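**Q** Please read through the structure below; I'll follow up with questions.
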Amino acid sequence: MSTITTEELSATTLLRFATAGSVDDGKSTLVGRLLHDSKSVLADQLEAVERASASRGQDAPDLALLTDGLRAEREQGITIDVAYRYFATPRRRFILADTPGHVQYTRNMVTGASTAELTVILVDARNGVVEQTRRHAAIAALLRVPHVVLAVNKMDLVGYREPVFAQIAEEFTAYATELGVPEVTAIPISALVGDNVVDPSANMDWYGGPTVLEHLETVPVSHDLTRCHARLPVQYVIRPQSPELPDYRGYAGQIAAGTFRVGDEITVLPSGRSTTITGIDLLGKPVDVAWTPQSVTLLLADDIDISRGDLIVPAQDAPATTQDLEATVCHVADEPLTVGHRVLIKHGTRTVKAIVKDIPSRLTLDDLSLHPHPGRLNANDIGRVTIRTAEPLPADTYADSRRTGSFILVDPNDGTTLTAGMVGESFASPDPVDDRADDDGWDF
Numbered sequence: 019m020s021t022i023t024t025e026e027l028s029a030t031t032l033l034r035f036a037t038a039g040s041v042d043d044g045k046s047t048l049v050g051r052l053l054h055d056s057k058s059v060l061a062d063q064l065e066a067v068e069r070a071s072a073s074r075g076q077d078a079p080d081l082a083l084l085t086d087g088l089r090a091e092r093e094q095g096i097t098i099d100v101a102y103r104y105f106a107t108p109r110r111r112f113i114l115a116d117t118p119g120h121v122q123y124t125r126n127m128v129t130g131a132s133t134a135e136l137t138v139i140l141v142d143a144r145n146g147v148v149e150q151t152r153r154h155a156a157i158a159a160l161l162r163v164p165h166v167v168l169a170v171n172k173m174d175l176v177g178y179r180e181p182v183f184a185q186i187a188e189e190f191t192a193y194a195t196e197l198g199v200p201e202v203t204a205i206p207i208s209a210l211v212g213d214n215v216v217d218p219s220a221n222m223d224w225y226g227g228p229t230v231l232e233h234l235e236t237v238p239v240s241h242d243l244t245r246c247h248a249r250l251p252v253q254y255v256i257r258p259q260s261p262e263l264p265d266y267r268g269y270a271g272q273i274a275a276g277t278f279r280v281g282d283e284i285t286v287l288p289s290g291r292s293t294t295i296t297g298i299d300l301l302g303k304p305v306d307v308a309w310t311p312q313s314v315t316l317l318l319a320d321d322i323d324i325s326r327g328d329l330i331v332p333a334q335d336a337p338a339t340t341q342d343l344e345a346t347v348c349h350v351a352d353e354p355l356t357v358g359h360r361v362l363i364k365h366g367t368r369t370v371k372a373i374v375k376d377i378p379s380r381l382t383l384d385d386l387s388l389h390p391h392p393g394r395l396n397a398n399d400i401g402r403v404t405i406r407t408a409e410p411l412p413a414d415t416y417a418d419s420r421r422t423g424s425f426i427l428v429d430p431n432d433g434t435t436l437t438a439g440m441v442g443e444s445f446a447s448p449d450p451v452d453d454r455a456d457d458d459g460w461d462f
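Positions in the sequence shown are counted from 1; adding 18 to them yields my numbering.
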């Protein structure tokens, strides 16, 4: 097994990507093949897979077992939960999320793809583009994943015929373009035997593009968060009040996006008060500049009232604060989300009370049409909501920032995560309707 030095690892970039596709399209097998052929599997892991495969009467190792770790997954031969894997090549580091294909686990795909810069959507070459393929393409568009790879799998079962691949690639690309997916790369593969996964296929000389791994290693990570709107959600106020640091007051947190420099004029939201950065502490040492995703402590010129949940932003680049959020959400809880539902909204490090004022539309996943005014969202439903918060929130639109334009809704009674939301427009929605919520005690 090849090794990567610390120097090589520190010089590589990081790519977060997710796999998706319909049931039995071969997602877990692709991931297993990718890990195996890139020599990212430890010897004892491979031995365990070989033993498990042999106990099931299989002659060759079932590489899908490298990711289908739950007993229920192995028994059913499907992926249920999101399986995360970390691996690296000399050119790049990877965080991979293998997501389920079943309709009832759509919410798991949202979880896995929410932080991904690339999504690999598998299609069985024998079946072509199916309903669940369209579903996953819609979710990729909804989450604004910058890069989508269409992996047309099981090409060995259709005789490696180019027309089969070309027809599927054309149909999917046209559909994804309508959804607003910015980039689609189609690759014909056979995950079972390894064609075009890590090594080029000798069976498809008509294909001259990259393998899956070559594309993953070379795709530009174009979302450079250091160039986004600078945002620092305050996690903790540091006041040692020690003999050595009697007057030290710092505001600590992880930079969500952008860059902060000593001397920058900043504004604290939602209060709107402004001051100047006089110092930045990083790992206990002063620095002149810091950027995402570093965790830092900012020192400010004025002692203004700042606490956990506040957002520090450049004075000339502050988002608007509002108590009315229009958002697209994916409901992940078994309990329905209804008009009038009282929730907590967690945005960055800030958590406030809120009410679901309206649900203007629900996306019908069968044909991607919009069902107006459903009144509720059930588990795995995607729809538009209007939320009224008890306190103003400084929220970017999700189109501008996936980090500060997202939020979750939480059950105030038991802390259960109800809904994942994205601020602003995603899919077109019908005209707004009148306020129908009963505020009873939560009148904001």
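Glycine is no exception: its CB is placed at the ideal position from the N, C-alpha and C atoms.
Remember, predicted model here, so these are calculated numbers, not experimental data.
Mind checking L301: buried by the 16 CB within 10 Å criterion, or exposed?
**A** Counting from 1 along the sequence shown, the entry for residue 301 is found at position 283. Per the 10 Å Cβ criterion, exposed.
**Q** Measuring only the C-alpha atoms, how far is P390 from G177?
**A** On the sequence shown, residue 390 is found 372 positions in, with the first residue counted as 1. On the sequence shown, residue 177 is found 159 positions in, with the first residue counted as 1. Taking the straight line from one Cα to the other gives about 45 angstroms.
**Q** Is the CB-CB distance between S289 and A333 below 7 angstroms?
**A** Looking up residue 289 in the sequence shown gives position 271. Looking up residue 333 in the sequence shown gives position 315. The answer is no: Cβ separation not under 7 angstroms.
**Q** Looking at the structure shown, is L343 part of a helix, part of a strand, or coil, going by DSSP?
**A** Numbered from its first residue, the sequence shown carries residue 343 at position 325. L343: strand per DSSP, three-state reduction.
**Q** How would you label D399, buried or exposed, when you count the other beta carbons within 10 angstroms and need 16 or more for buried?
**A** Indexing the sequence shown from 1 puts residue 399 at position 381. Buried.
**Q** By the 10 Å Cβ neighbour count, where 16 or more other Cβ atoms means buried, how is D9 classified, buried or exposed?
**A** As shown, the chain starts at 19 and ends at 462. That puts residue 9 outside it, with no answer to give.
**Q** Could you work out which residue in Q341, G44, R257 and A417 is closest to T117 when comparing CA atoms only?
**A** Within the sequence shown, the letter at position 99 stands for residue 117. The candidate whose alpha carbon is nearest that of T117 is G44.
**Q** With H, G and I counted as helix, E and B as strand and the rest as coil, what does DSSP make of G130?
**A** If you number the sequence shown from 1, residue 130 lands on position 112. Helix at G130.
**Q** Any idea what DSSP makes of S46, helix, strand or coil?
**A** Residue mapping note: residue 46 aligns to position 28 of the sequence shown, counting from 1. The answer is helix: DSSP assigns S46 an H, G or I state.
**Q** Measuring alpha carbon to alpha carbon, tell me which of L287, V286 and I273 ends up nearest I298.
**A** As a working note, residue 298 is residue 280 in the sequence shown. The residue with the shortest Cα to Cα distance from I298 is I273.
**Q** On the three-state DSSP scale, how would you describe E443?
**A** In the sequence shown, counting from the first residue as 1, residue 443 sits at position 425. DSSP places E443 in coil when its eight states are reduced to three.
**Q** Which of the three DSSP states is assigned to H6 in this structure?
**A** In this structure the chain extends from 19 to 462, so residue 6 is not present and cannot be described.
**Q** Select from R144, P261 and I363 the residue whose C-alpha is nearest the C-alpha of G327.
**A** Against the sequence shown, residue 327 aligns to sequence position 309. The shortest C-alpha separation from G327 is found at I363.
**Q** Just verifying my parser: in three-state terms, what is the DSSP assignment at R420?
**A** Looking up residue 420 in the sequence shown gives position 402. The answer is coil: DSSP assigns R420 none of H, G, I, E or B.
**Q** Taking only the alpha-carbon atoms, compute the straight-line gap between L168 and S46 and give it to the nearest angstrom.
**A** For the purposes of this step, residue 168 is identified with residue 150 of the sequence shown, where counting begins at 1. For the purposes of this step, residue 46 is identified with residue 28 of the sequence shown, where counting begins at 1. Spanning the two alpha carbons is a distance of roughly 15 angstroms.
**Q** Quick one: measure Cβ to Cβ for A372 and I426, integer angstroms, because I've assumed they're closer than 8 angstroms.
**A** Locating residue 372 in the sequence shown gives position 354, counting from the first residue. Locating residue 426 in the sequence shown gives position 408, counting from the first residue. About 11 angstroms; that fails the 8 angstroms criterion.
**Q** On the premise that R162 lies in contact with R420, defined as a C-beta separation below 8 angstroms, what is that separation, rounded to the nearest angstrom?
**A** Taking the sequence shown and counting its residues from 1, one reaches residue 420 at position 402. Taking the sequence shown and counting its residues from 1, one reaches residue 162 at position 144. R420 to R162, Cβ: 6 angstroms. Contact.
**Q** Short of 6 angstroms in beta carbon distance, which residues of its chain neighbour T422, apart from the five on each side in sequence? Order them along the chain.
**A** Reading the sequence shown from its first residue, position 404 is the one you call residue 422. Around T422: R249, A274 and D414.
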